[in-house]
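Using full-length UniProt numbering, the first residue of the sequence shown is number 1, and each one after it goes up by one. For each residue, glycine too, the CB sits at the ideal point set by N, CA and C. Comments concern the structure below.
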Amino acid sequence: MVIPPVKNTNLFPDGFVRDSAAYILSQQLPDGSIPWFKGHYADPWDHVEAAMGLAIAGEFAAAEKAYRWLADIQLADGSWWAAYRDGCVDNRERRETNFVAYVATGVWHYFLIRGDKSFLRCYWQMVERAIDFVLALQTEHGEIHWAVDAEGAAKKDALVTGCSSVYKSLECAINIANELGVARPNWERGRQALGHALRYKPERFDRTWESKARFSMDWFYPVLTGAFSGEAARARLQQRWDEFVVTGLGCRCVNDEPWVTVAESCELTMALLAAGQRSRAEIIYRGLHRWQDSDGGYWTGYVYRDEAVWPEEKTTWTVGAMLLAADALADLTPASGLFTSVRLPSDTAQDTQGVHSFDELELSGSQG
């Protein structure tokens, strides 16, 4: 294993990168899949999160094995089922769009670190099919349906967190296409329309179920993924700061339970960096290392009312999030800015602020 040179070591303990990667490696299965922990299932999104952690630590063979596993099991329409366990599908009820799109984020992240264009060429078809599947579920208003059911019918509603994740994945997919010299203007228009919906059309989300606003991810994910930036991002984070942030502990998962979670705290750390609030980011991140176990894994969360770790699980994606936040803070790899900035090809149009419908965006694209 090649450990990157570590800067700003006051942000994490000695051996943090090595020990964290070792934990993920200890849970990865021979086929390349990375379950939440041994004996549990793997889902496409969290599998990619853990694989990105491996790449940060220089465990490139293991990371590539993780992407090969996804390529090998991708369905003909470009999607993946919600969960897999021990080489079999564990959940055939649905296929989630943000899970499917996230492979583009992982592939671009790996390329940013290694600079290996052959890797992009190898996994281009996987990314292309995944993104086309996701954008086929975009509505005329810009949001993207959250899933399809077992028969492939759209589950017609949208999630703020899920669509925000897709928004970042579309940025990564556009960069992959550009690096390979492939034009995908429909991806660019799809991303622009999705960003507009996230900023200006809150009524297009949570239409058929109770609002998910109690979840902290709905609060900070639009900042983490670049849908909000600058002063708008800072205002959004400040607006609900006291609901979700527990001083000295981290970020709650939901605003109505006394439970802070490590992964959400890591993602909030990166959102704060994206909003230019480094001091807050460092304070939150430094406090998370108390939940690292002797094997390098991190406990998922802590119920401060009961002074108890809960659940008693050390999830690989939590460790992946710790490594991603460490990279964002300490600039460990060339991918350190992935979640703290939006970087698109210079000739790619940014989000069109004045567009009010996907039809208008299509028209403006055809005229441009």
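Straight-line gap, residue i to residue j (C-alpha atoms, nearest Å)
| i | j | result |
| --- | --- | --- |
| residue 394 | Arg18 | The question about residue 394 has no answer here: the residues shown for the chain are numbered 1 through 368. |
| Glu143 | Glu188 | 14 Å |
| Tyr84 | Phe133 | 19 Å |
| Met180 | Pro202 | The amino acid at residue 180 is misidentified as Met; the sequence shows Leu. For Leu180 and Pro202, the distance between alpha carbons rounds to 35 Å. |
| Cys172 | Leu273 | 19 Å |
| Ser169 | Ala281 | 23 Å |
| Thr300 | Asn255 | 17 Å |
| Pro311 | Val262 | 12 Å |
| Ala330 | Leu324 | 10 Å |
| Glu64 | Ser118 | 12 Å |
| Cys253 | Val246 | 11 Å |
| Tyr200 | Asp14 | 44 Å |
| Leu249 | Ala227 | 27 Å |
| Thr348 | Leu159 | 26 Å |
Residue i burial status per 10 Å Cβ neighbour count (16 or more: buried)
| i | result |
| --- | --- |
| Ser294 | exposed |
| Thr225 | buried |
| Asp72 | exposed |
| Gln292 | buried |
| Glu210 | exposed |
Reduced DSSP category for residue i - H, G, I as helix; E, B as strand; rest coil
| i | result |
| --- | --- |
| Thr161 | helix |
| Arg191 | helix |
| Glu96 | strand |
| Leu361 | Reliability fails at Leu361, whose pLDDT of 40 lies under 50, so the model's placement of it is uncertain and no value is given. |
| Asp242 | helix |
| Asp149 | strand |
| Gln125 | helix |
Closest Cα partner of residue i within the set the options
| i | options | result |
| --- | --- | --- |
| Ala232 | Leu194, Gln277 and Leu332 | Gln277 |
| Thr208 | Lys155, Ala51, Ile284 and Cys253 | Lys155 |
| Pro258 | Val309, Ile56, Gly87 and Ala61 | Val309 |
| Ile24 | Thr318, Ala325 and Gly337 | Thr318 |
| Asn98 | Tyr123, Ile131 and Gly115 | Ile131 |
| Gln74 | Asp306, Glu128, Glu93 and Leu194 | Glu128 |
| Arg94 | Trp81, Ala213 and Ala263 | Trp81 |
| Glu49 | His40, Ser33 and Gly39 | Ser33 |
| Ile284 | Leu29, Ser341, Cys251 and Leu194 | Cys251 |
| Arg92 | Arg305, Ala150, Trp124 and Leu120 | Ala150 |
| Thr315 | Ile174, Pro30, Asp43 and Gly15 | Asp43 |
| His145 | Asp90, Phe205, Val182 and Trp69 | Phe205 |
| Tyr41 | Ala227, Ala66 and Asp86 | Asp86 |
| Val100 | Asp31, Leu120 and Leu135 | Leu135 |
Cβ-heavy atom distance, residue i to the ligand NAP, below 7 Å
| i | result |
| --- | --- |
| Glu267 | Absent from the structure shown: the ligand NAP. Ligands present: none. |
- Counting pairs of beta carbons, one from the region 49–59 and one from the region 100–113, are three or more of them closer than 8 Å? yes
- Message: Between the region 215–229 and the region 154–168, can you find at least three pairs of beta-carbon atoms closer than 8 Å?
- Response: yes
- Message: Any contact between the region 109–120 and the region 330–337? By contact I mean 3 or more CB pairs, one from each, below 8 Å.
- Response: yes
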